[in-house]
Amino acid sequence: MIEVQGLRKSFNNVEVLRGVDFSARDGEITGLIGPNGAGKTTTLRMLYTVLRPDSGRALVDGHDASIDRLEVQRKIGVLPDNRGLYPRLTAREHIRYFGRLHGLGGAELEARIKRLVERLGMEEIADRRSKGFSKGQTLKVALARALVHEPPNVILDEPTNGLDIASSRAVRDLIREIRDQGRCVLFSSHIMGEVEALCDRIIVISDGLIVADGAPEELRQATGKGDLEEVFLATITQAELAHLGVRRASSLGCFRPGKHRQPA
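The working numbering runs 190 ahead of the 1-based position in the sequence shown.
This is the structure:
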């Protein structure tokens, strides 16, 4: 299980996260969606120990990602926004290397590599060096190395970006299989059809704040929209209008956090 509690983060005096709270439960696929610059990738990077929050906590199975970094890394598999590969290693060598980092070896590791190569349709590139791989080929290798140790929590940033239709379907089926095994899946995507097809719960982030959290049908009911893309746009618009109203009220001196001014 993944829990985010009051996360705040600033870069160059610009507050990117302003108190983010949500959870992603075991046995569910949770989608984290929002416009560009909303704070999605920053949040995910804190969960997989690349960034530290200014305040708040990112927890994986109860372990704080800022304190118990090694324990968190054992419990997660990550497809980051940067898929960087070692150009001189083959696809198979990448997966084997990451498996060994997690303490795997021998026949068990080789069997897992074989399953992932077949499941992701990587037979033609498995023994090629990764230099010159296409965007889709690179993504497949990065996904396989994230899953080789069969982590209980999986964090995926744009997991089908650059894949063709058949490969995208294979990845979606794999994500569902991970969910059905009782594991926790948290992923970010801009493809609303993919979010609708996969997600048990959807979390919408805008301007560094969570502005909606619920099952797809709950969000439809809340916005009165049937199409998930329209739900997303309506949620973001409402959040932006609310934020604009707060800023105007604050500039007029009639807004104080936690207080209400009385009429003169």
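Cβ coordinates follow ideal geometry from the N, Cα and C atoms, glycine included.
Just so you know, these numbers come straight off a predicted model, no measurement behind them.
Length of the line joining the Cα atoms of residue i and residue j
i	j	result
F323	I365	23 Å
Q371	E340	11 Å
R290	L306	15 Å
T231	P349	13 Å
G416	L409	9 Å
D403	I395	9 Å
R302	G267	14 Å
D216	V375	8 Å
H380	R319	30 Å
F201	I400	19 Å
K304	M236	31 Å
E300	A228	40 Å
E298	S245	41 Å
R208	D354	36 Å
Own chain residues within Cβ distance below 7 Å of residue i, not counting five before or after
i	result
R273	T328, L329 and A332
E261	H253
E239	The residue you asked about is not Glu; residue 239 is Thr in the sequence shown. Cβ neighbours of T239 beyond the five flanking positions: A255, R259, V262 and Q263.
P277	R319, S320 and K321
L212	Contrary to the premise, residue 212 reads as Phe rather than Leu in this sequence. Contacts found: V194, I393, I400 and D403.
Three-way DSSP call (helix, strand, coil) for residue i in this model
i	result
Q195	strand
F422	helix
F201	strand
R242	coil
I392	strand
A316	coil
L207	strand
R282	helix
G398	coil
R247	strand
G252	coil
S357	helix
G404	strand
T328	helix
I257	coil
L294	coil
CA nearest to the CA of residue i, picked from the options
i	options	result
R259	R242, L269, D271 and G246	R242
T220	I426, V240, R373 and A228	R373
E367	A248, G229, A316 and L388	L388
V210	N203, E218, V194 and S200	V194
R309	D363, L294, I345 and A281	D363
E283	M312, I257, A255 and S256	M312
A248	D397, A412 and G196	G196
G383	R369, L418 and A356	L418
E314	G295, G414, E205 and T280	T280
Close Cβ partners of residue i (< 6 Å) along its chain, the five nearest in sequence each way excluded
i	result
K325	G352
Whole-number beta carbon distance between residue j and residue i, since they are thought to touch under 8 Å
i	j	result
I223	N343	Rounded, the Cβ-Cβ distance is 19 Å, inconsistent with contact.
D347	L275	At roughly 16 Å, the Cβ-Cβ gap does not stay under 8 Å, so D347 and L275 are not in contact.
I285	A334	5 Å
Own chain partners of residue i with C-beta closer than 8 Å, once the 5 adjacent residues on each side are dropped
i	result
H292	R264, V338 and H339
The ligand GDP heavy atom lying under 7 Å from the CB of residue i
i	result
L353	Of ligands this structure carries none, so the ligand GDP is not represented either.
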